[in-house]
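Novice: Under our numbering, the first residue of the sequence shown carries the number 2, and numbering increases by one thereafter.
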Amino acid sequence: MEDLMSEEEPWVKGKHSFKLGKGTKITVLSGAGISAESGVPTFRGPGGLWDDESLVKLATPRGFMADPVRGWRFYDERRQNMAQSQPNPAHRAIARMEQAGYDMVVITQNIDRLHQAAGSSRVIELHGTLWEIRCTNPACVSRPFENHDVPLKDIPLVCGLCGSVMRPNVVFFEEMLDSHVISEADRRTKQTDLFIVVGTSGIVYPAAGFTHVARMSGAYIVEMNIEPTPLTPICDETVLGPCGETLPGFFTRLTGGEIGFP
Ligand code: BJW
């Protein structure tokens, strides 16, 4: 691995060889780390949600259904936290690039909607969103719907149509991702010139697999994280540091200072 030390960035692997053009397609794959500086906890690592193994079980279909009251309390607390969280400079820098006319798409594993709150309009939500709710009864004709009650009024939430327990419209472990969402993310990744992987441990699939798809499709790959990940070896550049600093810095370098990132 070739390491280059830089004055501006704490630790950079790679050669800064990507040149931005007019029609450059830029795709950002984001994970929990991009929202860490907004106060939303990550899953893995010190202080992460999955430090408590019993919480991991709640994020599986069987675990949630085994104790929907506990499941909803867990998700209600997270909704309360997310409701108070604001986009940080990393979310805002991505949105700013789109507003400046660059062809930006975000593929996010996050369920917090902070990319949209920052102003990004093209966001593919791989793991759904905590701000939608749906019935757990596969025979029920109700559709997922928006719910922004914070805190939730009744726990567990029950379907008004069939009386079954409701659940957050997120993708639990061992569940399939929506096939249309996967296709859209796959199509975009294959067309991408610059693929930026931000704040993900890169161990949850199929999400992490898009970085491999980008690699095979010839995209230039830049990773932003506070530590190396299993994806680091296939990235052209890895910039270590908090992405609220490194991402605006990277875009400033890429655009030659043409855009301001407040
Ligand atoms: C910063 C930073 C800063 C911090 N700046 N960086 C064995 C049994 C069962 C399943 C499997 C199995 N083996 C493999 C599987 C498949 C499984 C999987 O990949 N598991 C791996 C863990 C091994 N995948 C699935 O189950 C998926 N479905 C599937 O594959 O279906 C087919 C199938 C069916 C049946 C059996 C097997 C397969 C679905 C995955 C859904 C993931 N769901 C969750 C929960 C969503 C709801 C909720 O939030 O409660 O999604 S899990 C959790 O992980 C969440 C995240 O989106 C996802 C990824 O995490 P992420 O975003 O990478 O966060 P962290 O915390 O891991 O990392 C944060 C990073 O940020 C770190 O790197 C930090 O360094 C960094 N960071 N601050 C920059 N300031």
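Just so you know, even glycine gets a beta-carbon here, dropped at the ideal spot from N, CA and C.
1. On the DSSP bridge assignment, give the partners of Cys236 in chain order.
2. If you pair each beta-carbon of the segment 31-41 with each one of the segment 107-119, do three or more pairs fall below 8 Å?
3. For Leu30, report the span of its beta strand (DSSP E) as first-last.
4. Relative to the alpha-carbon of Gly22, which residue among Ala96, Gly261 and Leu255 has its alpha-carbon at the smallest distance?
5. Using a threshold of 7 Å, state whether the C-beta atoms of Val199 and Ser18 are closer than that.
6. Quick check on DSSP: helix, strand or coil for Ile125?
7. When the distance is taken between beta carbons, is Pro152 closer than 7 Å to Gln87?
8. Just checking my contact of Phe173 with Phe75 at CB under 8 Å: how many whole Å lie between their CB atoms?
9. What's the gap between the Cα of Thr247 and the Cα of Cys160?
10. Would you call the segment 199-210 in contact with the segment 221-231, where contact means no fewer than 3 C-beta pairs closer than 8 Å?
11. State the start and end residues of the unbroken beta strand (DSSP E) segment that holds Val264.
12. Ligand 1 heavy atoms versus the CB of Cys1: any closer than 6 Å?
13. Rounded to whole angstroms, what's the CA-CA distance from Ile183 to Arg189? Just pull it up for me.
14. One question on the structure: do Arg93 and Ala119 come within less than 7 Å of each other, judged by their Cβ atoms?
15. Helix, strand or coil for Asp179, going by three-state DSSP, please let me know.
16. Tell me the DSSP secondary structure of Gly245 in three-state form.
17. Could you tell me the alpha carbon to alpha carbon distance between Leu131 and Pro169, rounded to whole angstroms?
18. Between Met105 and ligand 1, is there a pair consisting of the residue's CB and a ligand heavy atom that are separated by less than 6 Å?
19. Who pairs with Thr130 in a beta bridge, going by DSSP?
20. Beta-carbon separation of Gly349 and Asn89 under 7 Å?
21. For Ser143, collect the residues of the same chain with a Cβ closer than 8 Å to its Cβ; drop the 5 residues on either side in sequence, then sort them by chain order.
Specialist: This is what the structure gives:
1. Cys236 is not bridged by DSSP to any residue.
2. Remark: three or more beta-carbon pairs, one from each stretch, lie closer than 8 Å, so the segment 31-41 and the segment 107-119 are flagged as touching.
3. Looking at the DSSP string, the run of the beta strand (DSSP E) that includes Leu30 is Lys26 to Ser31.
4. Per the C-alpha coordinates, the member of Ala96, Gly261 and Leu255 positioned closest to Gly22 is Leu255.
5. In terms of Cβ geometry, Val199 and Ser18 do not form a close pair [threshold 7 Å].
6. Here Ile125 sits in strand by DSSP.
7. At least 7 Å separates the beta-carbon of Gln87 from that of Pro152.
8. Not really, about 12 Å apart at Cβ, beyond 8 Å.
9. Distance between the alpha carbons of Thr247 and Cys160 is about 44 Å.
10. Touching, yes, given that three or more Cβ pairs across the two stretches are closer than 8 Å.
11. Outside the shown range of the chain, which is 2 to 263, sits residue 264, and nothing can be said about it.
12. Lying before the first or after the last residue shown, residue 1 is absent from the chain, which here runs from 2 to 263.
13. Cα to Cα, the separation comes out at about 10 Å.
14. The answer is yes: Cβ separation under 7 Å.
15. Looking at Asp179 - three-state DSSP - the assignment turns out to be coil, as it is neither helix nor strand.
16. Residue state, collapsed to three classes: helix.
17. If I take the Cα positions, the gap works out to 6 Å.
18. Met105: no, Cβ never under 6 Å from ligand 1.
19. Answer is Asn170.
20. What is shown of the chain runs 2 to 263, which leaves residue 349 out entirely.
21. Excluding residues within five positions, the ones whose Cβ falls inside 8 Å are Arg135, Cys136, Cys160, Gly161, Leu162 and Cys163.
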